[in-house]
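UniProt numbering numbers the first residue of the sequence shown as 1 and each following residue consecutively. Glycine included, each C-beta is placed from N, C-alpha and C at the ideal position. What you are looking at is a predicted structure, and each value in this text was computed from that prediction instead of being measured. Worksheet for the structure shown next.
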Amino acid sequence: MDNKTLNESIARAMDCDNLELVYYLPYILQDFVEMGSSAEDILKIVVENIKCHDELKILDLGCGKGSVLCKLSEELRCECVGIDGVPEFIQYARNLATEKNLSKCVFVVGDIREEVACLSEYDVIILGSIGSVFGNHVETMEKLKPVLATEGIIVLDDGYIKDNCECDNGFMKRRSDIMGDIDDSGMEIKREYIWNQKDYSLKHEKEYQFIEKRCNELIELHPEKRNMFENYIKKQKEEYNVIENDMICSAMIVSRKATDRNSKA
């Protein structure tokens, strides 16, 4: 059982060493629309991997500002639910859904670790760069299996370090370890998308500039917190360097093993 508070969970997902930083995230990330996953990429994945229809149910855990889910709802006209622990992000997402007249797209403020206990029969579950909020990959799959429809898929959009990489950044796992964990959980990887690093380099550079700019503004407003914001800038720089040099950005499409699906048929 993970007894960490919601703010601790958010801090872990958003790479904050200091819990106080969670309070400032809406300001620091105000220039971000897509936070992690690309809406176009996730749409492509869903269309290619599951039969789309108007009764399709999609769940985005750690949905951020809702850009991915709004895109899916707009294109597929299906039921979409997004959950995030940051109220300001959810308000942005709700406003976006209202602007686009997406009546079947709902956003909820909540702790995703608790909210999933009340959910079931989702055809698509999206985990977009939220890290180990549910625990390791075995624990994550075990917690999400009851939420997943028999023929459903989990989109694990994140990344890993190469098996032959000797770096140890403390937050990324090797591909072989992830595959082993997923197999141990009774699930399987049915497909994997490897994203072009060059396509993401410019995006990452721009994101870092946004973070640096907003943190420097906060230093001007709160000079007594200079060390906290400077440390966050430094950590983000280090992590973007890992992403650029050591990490493979990918989306793994995870489903129940055939034996499990057949037993539920």
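For Thr-150, name the three-state secondary structure that DSSP assigns.
The residue labelled residue 150 in the question sits at position 150 within the sequence shown. Residue state, collapsed to three classes: strand.
Residues that Glu-192 bridges to, as DSSP identifies them
By one-based count along the sequence shown, residue 192 stands at place 192. Answer is Met-252.
Beta bridge counterpart(s) of Lys-57 as assigned by DSSP
On the sequence shown, residue 57 is found 57 positions in, with the first residue counted as 1. DSSP output for Lys-57 lists Glu-79 as bridge partner(s).
Give the list of continuous alpha helix (DSSP H) stretches no shorter than 4 residues that lie fully inside the segment 180–224.
197–221
Does the beta-carbon of Cys-118 have 16 or more other beta-carbons within 10 angstroms, so that it is buried, or is it exposed?
Here the question's residue 118 lines up with position 118 in the sequence shown. Classification of Cys-118: exposed, given that the 10 Å Cβ count is below 16.
Could you tell me which of Glu-220, Thr-259 and Ile-161 sits nearest to Glu-244, measuring between CA atoms?
Looking up residue 244 in the sequence shown gives position 244. The option with the nearest alpha carbon to Glu-244 is Ile-161.
How close, in whole Å, do the beta carbons of Asp-84 and Val-109 come, if the pair is a contact with beta carbons under 8 Å?
The sequence position of residue 84 within the sequence shown is 84, counting from 1. The sequence position of residue 109 within the sequence shown is 109, counting from 1. Indeed they touch by this definition, with Cβ atoms about 7 Å apart.
Local conformation of Val-133 per DSSP, three classes:
Here residue 133 corresponds to residue number 133 of the sequence shown, with the count starting at 1. Three-state DSSP puts Val-133 in coil, outside helix and strand.
Same chain, Cβ closer than 8 Å to Arg-94, neighbours up to 5 away in sequence not counted
Within the sequence shown, residue 94 is the residue found at index 94, counting from 1. Result list for Arg-94: Gly-66 and Phe-107, in chain order.
Distance, Cα to Cα, Asp-2 vs Leu-21?
Translated into positions along the sequence shown, residue 2 becomes position 2. Translated into positions along the sequence shown, residue 21 becomes position 21. With a pLDDT of only 46 at Asp-2, under 50, the local geometry of the prediction cannot be trusted, and the value read off the model is given with reservation. In a straight line, the C-alpha of Asp-2 is about 21 Å away from that of Leu-21.
What first and last residue would you give for the beta strand (DSSP E) that runs through Val-124?
Counted from its first residue, the sequence shown places residue 124 at position 124. Run containing Val-124: 122–128, per the beta strand (DSSP E) assignment.
Between the alpha carbons of Pro-26 and Asp-111, how many angstroms are there, rounded?
Walking along the sequence shown from the start, residue 26 turns up at place 26. Walking along the sequence shown from the start, residue 111 turns up at place 111. Pro-26 and Asp-111: Cα-Cα distance of roughly 17 Å.
If we ignore side chains and look at the alpha-carbon of each, how far apart do Ile-130 and Cys-249 end up?
For the purposes of this step, residue 130 is taken as residue 130 along the sequence shown, with counting starting at 1. For the purposes of this step, residue 249 is taken as residue 249 along the sequence shown, with counting starting at 1. Between Ile-130 and Cys-249, the C-alpha separation is close to 14 Å.
Helix, strand or coil: how does DSSP classify Met-141 here?
Translated into the one-based positions of the sequence shown, residue 141 becomes position 141. Note: Met-141 maps to helix in three-state DSSP.
Quick check on the burial criterion: 16 or more other C-beta atoms within 10 angstroms. Buried or exposed for Glu-34?
As a position in the sequence shown, residue 34 is number 34, starting the count at 1. Looking at its Cβ environment, which holds 16 or more other Cβ atoms inside 10 Å, Glu-34 is buried.
Going by other Cβ atoms of all chains shown within 10 Å of its Cβ, with 16 needed for buried, is Tyr-23 buried or exposed?
Here residue 23 refers to the residue found at position 23 of the sequence shown. Its Cβ having fewer than 16 others within 10 Å, Tyr-23 is exposed.
For Met-228, which three-state DSSP category applies?
Position 228 of the sequence shown, counting from 1, holds the residue named residue 228. The answer is helix: DSSP assigns Met-228 an H, G or I state.
For the putative contact between Ile-211 and Ile-233, defined by C-beta atoms under 8 Å, what is the C-beta separation to the nearest angstrom?
Numbered from its first residue, the sequence shown carries residue 211 at position 211. Numbered from its first residue, the sequence shown carries residue 233 at position 233. The pair is a contact, with the Cβ atoms about 7 Å apart (cut-off 8 Å).
Should the segment 74–88 be regarded as contacting the segment 144–161, the criterion being three or more beta carbon pairs within less than 8 Å?
Under the three-pair Cβ rule at 8 Å, the segment 74–88 does not count as touching the segment 144–161.
Three-state secondary structure (DSSP) at Cys-105?
Your numbering for residue 105 matches position 105 in the sequence shown. In the structure shown, Cys-105 sits in a strand (DSSP, three-state: E or B).
Less than 8 Å separating the beta-carbons of Cys-52 and Leu-102?
Here residue 52 refers to the residue found at position 52 of the sequence shown. Here residue 102 refers to the residue found at position 102 of the sequence shown. No, the Cβ-Cβ distance between Cys-52 and Leu-102 is not below 8 Å.
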